[in-house]
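What follows is a single structure, written as structure tokens, with notes after it.
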Amino acid sequence: MPLKRGERKLQILQTLAGMLQDPAGEKITTAALAEKLDVSEAALYRHFASKAQMYEGLIEFIEQTVFGLVNKISTEEPSGLGQVAGMIPVLLGFAVKNPGMTRVLIGDALVHENERLQGRINQLHDRLESQLRQSLRFAVTQGELPQDRDVSAQANLIMAFVTGKWHQFAKSRFRRSPMEGLDAQTRLLL
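Taking our numbering, the leading residue of the sequence shown gets 26, the next gets one more, and so forth.
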């Protein structure tokens, strides 16, 4: 039975994400992707103009999912520190549920791809750090943190921690969970 419109595009992205979970981390070619899907390379290009567009599709998925969860925490959690404490496990949990996407988040999968893709990931990191900074500022106004707290430095430290955990997870071939020791580490960060 033929796939419905849009289903093949989703199947391509899911297969690409699955291939990114390969611990060897070899460069993914459109030929290998097409072979995995049992279609021709031309069939891939009917849905995406380039491999970069395929990666953009993955980045869009990451953005929608991660920022959807972060925004939900920001609106539902009344405490600024509670917001930050909720965001950290969400960001790390996303990696656990989507190991292939972790390689995109750390830029590992984008090394030999179009430079604008890495720029887009950098922008995603900046937006996450900005969200953390906003929640920390809120915590200061609520009296949860001292007035003289350097929230920019703290937000940067938390983002560096999250990025480092993503790196450890990917470089351990997805064996070292980013959730390991998280409660104690979150208390230290906050």
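Positions of the beta carbon are idealized from the N, C-alpha and C atoms, including for glycine.
Being a predicted model, the structure only gives us computed values, none of them experimental.
Contacting residues, own chain, Cβ-Cβ under 8 Å from residue i (five flanking each side not counted)
i, result
"Leu-38", "Met-79, Gly-82, Leu-83 and Phe-86"
"Val-165", "Gly-105, Pro-171, Gln-172, Arg-174 and Val-176"
"Met-126", "Ala-42, Leu-45, Leu-83, Phe-86, Ile-87, Phe-119 and Ala-120"
"Thr-211", "Ala-110, Ile-113 and Pro-114"
"Leu-207", "Ile-113, Pro-114 and Leu-117"
"Met-26", "Caution is warranted here: a pLDDT of 47 is assigned to Met-26, below 50, making its placement in the model unreliable, and no coordinate value can be reported."
"Thr-40", "Leu-58, Lys-61 and Leu-62"
Inter-residue CB distance, residue i and residue j (contact presumed, cutoff 8 Å)
i, j, result
"Glu-154", "Ala-180", "5 Å"
"Pro-124", "Phe-186", "About 19 Å; that fails the 8 Å criterion."
"Leu-117", "Lys-196", "So it is not a contact: roughly 15 Å between Cβ atoms."
"Thr-188", "His-150", "7 Å"
Residues near residue i in its chain [Cβ-Cβ closer than 6 Å; skip 5 each side]
i, result
"Glu-205", "none"
"Val-129", "Leu-83"
"Pro-203", "Leu-117, Ala-120, Lys-190 and Phe-194"
"Phe-216", "Coverage of the chain is limited to positions 26 through 215, which leaves residue 216 absent and any answer about it impossible."
"Thr-55", "Glu-66, Leu-69 and Lys-76"
"Phe-163", "Gly-105"
Contacts around residue i, its chain only, beta-carbon distance under 7 Å, and the 5 residues preceding and following it disregarded
i, result
"Leu-157", "Val-109, Met-112, Ala-180, Ile-183 and Met-184"
"Gly-215", "According to the sequence provided, residue 215 is Leu. The question's Gly does not apply to it. Excluding residues within five positions, the ones whose Cβ falls inside 7 Å are Leu-106, Val-109 and Ala-110."
"Gly-11", "Any answer about residue 11 is impossible in this case: the structure gives the chain only from 26 up to 215."
Where in the segment 124-177 do unbroken runs of the beta strand (DSSP E), each at least 3 residues long, occur, reported from the N-terminal end onward?
-> Runs found: none.
Taking contact to mean at least 3 C-beta pairs separated by less than 8 Å, is the segment 89-102 in contact with the segment 50-67?
-> Touching, no.
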